[in-house]
Structure formats: C-alpha cells, structure tokens
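Input: a single structure, listed below in structure tokens.
Numbering (the numbering used here), first residue to last: 1 to 455.
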C-alpha cells in the first residue's frame, strides 16, 4: 500500500475495517514481542528450573523500565506525528521523528551503563534472595547489552504505526520473536548454556528487529520525510514529546514498581516458590493483555489524526468500536483462565508446588479482565488527543492510587491471599474513574462536533 493511501484511510475508511487493519497486525506484533518473555520462561522453566524462573521474574521490572523509556519517547512522538500528518505538516513530523531517534538512543546507553554499575544492589532491591540472585545476575548481565539498541526498536515501532503502517510494525516484531523462538532451545539445550543461553537468544533476536527498523527508514519507506536537519535536538519538541509519553511511561514504571513490591511481599509471605509462581502468572497476564494494547495502538493514530483534522464524529466512533472490541476480547480470556488455570501454568513448569501456587493468583488477577480494556482505552484516548494530564492520571489510577496501597494493606489482614485480592478491587476502582473522565471529555467533543459540522 502506498504512503498516501495510509493517510487517505485515516481520513475516510470505515472505522470498523480501519481499526481491524491497524489493530490486527499491531496486535500480532505486540503478541510476538510479548512472546520474548513467554518463550524464555517456558524454556527456562523446563530446562533450568524453578529458581531460574524466579530469577527472570526479578529481572523483569528492569526490562519494564526499559520499555517505559521506549514508550516515553515512542508514544509521545507518535501522538505528535499522527496529529501533524493530519494537519499536513510533514516537516514538523520529520523533526519529531529525528528528535525521538536521538533521545531514545541516549536514554538506552545511559540505562545500560547504570545497570552494569549497580547490578547487584538493583537485583536485591527488586526482591532477589541469595538463592535467586545468581540466576538473575547471569540473565541481566547479558541482556543489558541489548539496552543500547532494543529501546530504539520498540520506540520507533510506534512511529511506524503512527503513519498507519501497522504491517511493517508487525513484521519487525515478528522477526525478533521468531528469531528468539528458534535460538532459545539451541542456546539452552544444544549449547547447554542454561539461563545465559536464553539471554543470548534474546539480545540476538532484538538486534535483528533493530536492524530491520534502521533499514526501513534508510530505504525511505516511511511517509515521514526525515532529513539531516531533523536530527538537531529541539527542547520544545522533546518537552512536548515527553509530556505526551509521560502517561505511558508512568504506567510502565508503576507496573515495574508494582512487581517489585509484590516480589518483596512474596519474599515475606510466600517465599521463592511464590515469587516463581507470580513470574509465570505475570507473563500469562501480560501476554493476553497485548491484544488490548494492540487495539489501543491501532486506534490511536485514528483518533489523533481525526482530532487534528477536527473530524469529531470519527473520533467518537473510533472510541466506541475500540471499547467494544476490547470488552469482547477481555470476556473471552476471563472465561478461559477462570475455567482452565492449571493447564496454562503447567506449560511453564513441571513443579507441582509452583503449579498449585499459581492457580489462585491467576484467577484473581483475571477476574475483571472483561472490563479492563475500557480503562486502557481511556488512558490511550487522552494521549491521542494531546491531553497529557488526564492520560497520566488514568495511567496512575490502577497501579499507584489503588493497587499499591491495597497490596501494602490487605496482606496484613489475609496474608498472601490479600496480595491477590487487591488486584480485582483496584481494577474496579480504576474502571469507575475512567468512566467519569471519559464522560466529561465526550461532552466537550460533542460541542466541537457542532462547531465543525463539515469536518
């Protein structure tokens, strides 16, 4: 499909088919990206053992912080690019892209250096016991080299989606994931490198995706006209970019902090088996959440472009169909996990104690999954229309305002079960909060629709 056709689709194509066109490849790509952690955990669980699963569970918050930085730059710049394309301001879109390339590269190098210098203190702070620490360190030491180029791939993937090119975005993520799936068993079982083998497979796969991303822009396949003068850092551009990406950054960092808090609570109330069980459950939940984020990523350029073009009827229709889609997906996975939790956990480990320890938390965390897409769409909606503050607040509601206090309080009443019961309570409160914010914003959008009836 031509570059101009992607823009025409954002303006005129029917919302349902357009959302499918943008969301399905994006969802496949995001599921593929999430498979990094799924595949690593399965092979590590079967080939190394329970303590190794716990080890990568301790490292996971570090990876989430890297992802948060990528989203800080990537989603913020994607929102700006979508709106500038809607306004036909292609030079501004190129400037945003160039600044995002520089910013994420510098951030990746900085974080990689910090991790190497403070590795042991970080892992202990994140909940590693003396038994878990060697596994966590072996894994993190290797994947930290990838922090130089992996954030660039993730961040820039958002820019590619922002121009309506979901297919290329999907190809990049699939390339990285398929490479990882092929290399994991080779390094773990054939070369007998254990948890180090999983780490080597991961960074090689990430570099493959990074290389494809670079080639996409060097071959001028993008609708965004990036030129040499666009690679000069402009503080106003970086400021707007980071303010718009701040909501996703805070959400990712708060998710990372949440995992750290849960791991440390489990160290007190449950021990190493409980940490390993949560590592498995967390990967399952994050994997099935990807379709919801795929729909958000698909609908964001639609909302951002049409909001910039003052076509409010398409903005509202995009919001409605995306909420309906996430609700249907959420209902499917809720039923599946509530009915069949044990077989899913058994995919990752043959340890009967780990399997039995994971059933109740999986059921609790999935309990209100039917409606959680509504909350995710709500935060993404405000980001798409350039309203950073509401997006930040909604991104904080579940993780920070509700879930963290509940995780600190409820275990004092009900022990380890209190940790898991906190999840559905926080979900319900976050859903209600999102509904209030969206109701108020839609009243404003209705007024804009009346003011621009021909848009």
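Think of the CB as a built atom: it goes at the ideal place given N, C-alpha and C, for glycine as much as any other residue. Please read all numbers here as calculations on a predicted model, not as lab measurements.
Candidates the options: closest to residue i by CA position
i: residue 356; options: 340, 371, 367 and 370; result: 340
i: residue 99; options: 45, 155 and 83; result: 155
i: residue 258; options: 398, 230 and 309; result: 398
i: residue 171; options: 216, 352, 132 and 348; result: 216
i: residue 68; options: 256, 96, 260 and 290; result: 256
i: residue 14; options: 411, 384, 315 and 174; result: 315
i: residue 326; options: 376, 285 and 359; result: 376
i: residue 426; options: 55, 444 and 395; result: 395
i: residue 411; options: 205, 26 and 265; result: 265
i: residue 230; options: 213, 94, 33 and 183; result: 94
i: residue 381; options: 299, 334 and 209; result: 299
i: residue 347; options: 334, 283 and 115; result: 283
i: residue 387; options: 167, 76 and 424; result: 76
i: residue 209; options: 151, 166, 313 and 251; result: 151
i: residue 29; options: 168, 190, 267 and 417; result: 168
i: residue 379; options: 212, 250, 123 and 25; result: 250
i: residue 107; options: 125, 144, 119 and 124; result: 144
i: residue 147; options: 162, 116 and 437; result: 116
i: residue 293; options: 400, 220, 124 and 252; result: 252
i: residue 125; options: 267, 220, 8 and 442; result: 267
i: residue 21; options: 432, 186, 409 and 295; result: 295
i: residue 33; options: 441, 444, 429 and 289; result: 289
C-alpha gap between residue i and residue j, whole angstroms
i: residue 373; j: residue 269; result: 31 Å
i: residue 23; j: residue 130; result: 43 Å
i: residue 46; j: residue 350; result: 7 Å
i: residue 135; j: residue 188; result: 14 Å
i: residue 262; j: residue 419; result: 7 Å
i: residue 207; j: residue 149; result: 7 Å
i: residue 44; j: residue 280; result: 11 Å
i: residue 109; j: residue 90; result: 29 Å
i: residue 447; j: residue 434; result: 21 Å
i: residue 97; j: residue 51; result: 42 Å
i: residue 453; j: residue 307; result: 13 Å
i: residue 74; j: residue 121; result: 29 Å
i: residue 345; j: residue 218; result: 43 Å
i: residue 17; j: residue 301; result: 14 Å
i: residue 53; j: residue 138; result: 12 Å
i: residue 287; j: residue 239; result: 32 Å
i: residue 159; j: residue 323; result: 23 Å
i: residue 157; j: residue 31; result: 14 Å
i: residue 405; j: residue 64; result: 21 Å
i: residue 81; j: residue 277; result: 41 Å
i: residue 83; j: residue 27; result: 22 Å
i: residue 177; j: residue 60; result: 17 Å
i: residue 414; j: residue 439; result: 36 Å
i: residue 6; j: residue 318; result: 16 Å
i: residue 383; j: residue 38; result: 29 Å
i: residue 102; j: residue 140; result: 25 Å
i: residue 271; j: residue 285; result: 21 Å
i: residue 55; j: residue 132; result: 5 Å
i: residue 113; j: residue 104; result: 14 Å
i: residue 164; j: residue 407; result: 40 Å
i: residue 309; j: residue 119; result: 48 Å
i: residue 254; j: residue 211; result: 30 Å
i: residue 246; j: residue 389; result: 9 Å
i: residue 429; j: residue 436; result: 11 Å
C-beta atoms of residue i and residue j nearer than 8 Å
i: residue 421; j: residue 364; result: yes
i: residue 85; j: residue 305; result: yes
i: residue 492; j: residue 260; result: Nothing in the structure corresponds to residue 492, since the chain is present only between 1 and 455.
i: residue 42; j: residue 111; result: no
i: residue 181; j: residue 35; result: yes
i: residue 273; j: residue 362; result: no
i: residue 297; j: residue 71; result: no
i: residue 205; j: residue 174; result: no
i: residue 10; j: residue 321; result: no
i: residue 303; j: residue 385; result: yes
i: residue 233; j: residue 79; result: no
i: residue 48; j: residue 194; result: yes
i: residue 360; j: residue 417; result: yes
i: residue 313; j: residue 449; result: yes
i: residue 25; j: residue 166; result: yes
i: residue 242; j: residue 153; result: no
Closer than 7 Å: residue i CB and nearest the ligand GDP heavy atom
i: residue 132; result: Here there are no bound small molecules, and the ligand GDP is not part of this structure.
Three Cβ pairs or more, each shorter than 8 Å: is that satisfied between the segment 357-371 and the segment 316-333?
yes
Kindly provide the ranges of any alpha helix (DSSP H) runs that are 4 or more residues long and lie completely inside the segment 162-194, ordered along the chain.
166-185
4-residue-minimum alpha helix (DSSP H) runs that sit fully inside the segment 293-364, ordered along the chain:
312-339 and 341-346
With a floor of 4 residues, list each alpha helix (DSSP H) that falls wholly inside the segment 369-413, ordered by position along the chain.
As far as the segment 369-413 is concerned, its whole alpha helix (DSSP H) runs of at least 4 residues are 369-384 and 388-396.
Does the structure place the segment 195-213 close enough to the segment 223-234 that three or more beta carbon pairs sit under 8 Å?
Counting C-beta pairs closer than 8 Å gives fewer than three between the segment 223-234 and the segment 195-213, which falls short of the contact rule.
As an exercise, report each continuous alpha helix (DSSP H) stretch of at least 4 residues that is fully enclosed by the segment 188-229, in chain order.
If we require 4 residues or more, the alpha helix (DSSP H) runs fully inside the segment 188-229 come out as 194-218.
Going along the chain, which unbroken runs of the beta strand (DSSP E) with 3 or more residues stay wholly within the segment 69-149?
Complete beta strand (DSSP E) runs here, min 3: none at all.
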